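As they're listed, the protein sequences go chains A and B. Just so you know, the first sequence maps onto residues 1 to 112 in our numbering. Just so you know, the second sequence maps onto residues 1001 to 1116 in our numbering.
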Amino acid sequence: SQQGEEDPQALSIQEGENATMNCSYKTSINNLQWYRQNSGRGLVHLILIRSNEREKHSGRLRVTLDTSKKSSSLLITASRAADTASYFCATDPYSGNTPLVFGKGTRLSVIA
Amino acid sequence: GAGVSQSPSNKVTEKGKDVELRCDPISGHTALYWYRQSLGQGLEFLIYFQGNSAPDKSGLPSDRFSAERTGGSVSTLTIQRTQQEDSAVYLCASWVPGQGWNTEAFFGQGTRLTVV
């Protein structure tokens, strides 16, 4: 069953604004990852946050994790038109050799 | 190559035909996944190979779907008697499990399957 659920499903913002996407999940995890997908093809890993971490930064990306609420957020600051893509969270369940479980994604459109 | 390679990039087939999709993972990556993504949807887990362990086939939607991984490297996903609802992008990913904290998956560019 689907583990991660992102919201909103779609987000449209102006270039320069910040974009925030949220992800909720159901079971205990080793880590949570965010991926980006352009044009419905391969996913590219953006950032990973471990279950014992609360916040992580990478360039214009900021990820938070609240394990008590089983939720995470991805913030993209100073967005650019090139950030237009779908963003997925994926959870690595704390149950041995199990697959990453992806949410349905947030479609971000950044308007120049 | 340095990344995960999938072939073909695009495949159009007639309903009822069998198709084979190929995935070449990154060398040394012992774990390999197949996912399916229908238009505008999230990723649907299909099957997971990890080393010499029996594959996790829990995501395969029907017995028309099967996959194998030869020599712990190349994997082939086979769909028999294709149906129109099989049309989707099939994505392969590989990674190095067992590291617990830091397990990033690397994806291929996918095979877009269209059943007409």
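Ideal placement from N, C-alpha and C gives every residue a C-beta, glycine not left out. Small disclaimer: the values here were computed from a predicted structure and weren't measured.
**Asked** Taking 9 Å as the CB-CB cut-off, is A1105 of chain B touching chain A?
**Response** Taking 9 Å as the threshold, the shortest C-beta distance from A1105 of chain B to chain A falls below it.
**Message:** For I47 of chain A and V63 of chain A, what's the separation of their Cα atoms in angstroms?
**Reply:** 8 Å
**Message:** I need the straight-line Cα distance from S1009 of chain B to L1021 of chain B, nearest angstrom please.
**Reply:** 9 Å
**Prompt:** G1071 of chain B touches chain A at which residues, Cβ-Cβ below 8 Å?
**Reply:** The premise fails here: G1071 of chain B is roughly 19 Å from chain A at the closest Cβ pair, so nothing lies under 8 Å.
**Prompt:** Does the distance from the CB of G1051 of chain B to the CB of A1031 of chain B come in under 9 Å?
**Reply:** yes
**Asked** Does F1045 of chain B have its Cβ less than 9 Å from a Cβ in chain A?
**Response** Chain A contact via Cβ: present.
**Prompt:** Residues in its own chain within less than 6 Å of N22 of chain A by CB, not counting five upstream and five downstream?
**Reply:** D7, S73
**For I13 of chain A and R1069 of chain B, the rounded distance between their alpha carbons** = 43 Å
**For I13 of chain A, the residue or residues it bridges with in DSSP** = A:V110
**Message:** Is V1004 of chain B close to chain A? Criterion is C-beta to C-beta, closer than 9 Å.
**Reply:** V1004 of chain B counts as touching chain A.
**Message:** Within 8 Å, do at least three Cβ pairs link the region 1087-1097 of chain B to the region 1030-1044 of chain B?
**Reply:** yes
**Item:** beta strand (DSSP E) segment containing I1026 of chain B, residue limits
**Value:** Counting along the chain, I1026 of chain B falls outside any beta strand (DSSP E), and DSSP gives it neither H nor E.
**Prompt:** To which residues does DSSP link N31 of chain A through a beta bridge?
**Reply:** A:R50, A:D92
**Request:** Indicate whether F1049 of chain B and Y1035 of chain B have their beta-carbon atoms separated by less than 9 Å.
**Result:** The Cβ atoms of F1049 of chain B and Y1035 of chain B lie no closer than 9 Å to each other.
**Request:** Using a threshold of 9 Å, state whether the C-beta atoms of P25 of chain A and F88 of chain A are closer than that.
**Result:** Residue 25 of chain A is actually Tyr in this sequence, not Pro. No.
**Request:** Please report the Cβ distance between A81 of chain A and E15 of chain A, rounded to the nearest whole angstrom; I am assuming they are in contact, meaning their Cβ atoms lie under 8 Å.
**Result:** The distance from the Cβ of A81 of chain A to that of E15 of chain A is about 6 Å, consistent with a contact at the 8 Å cut-off.
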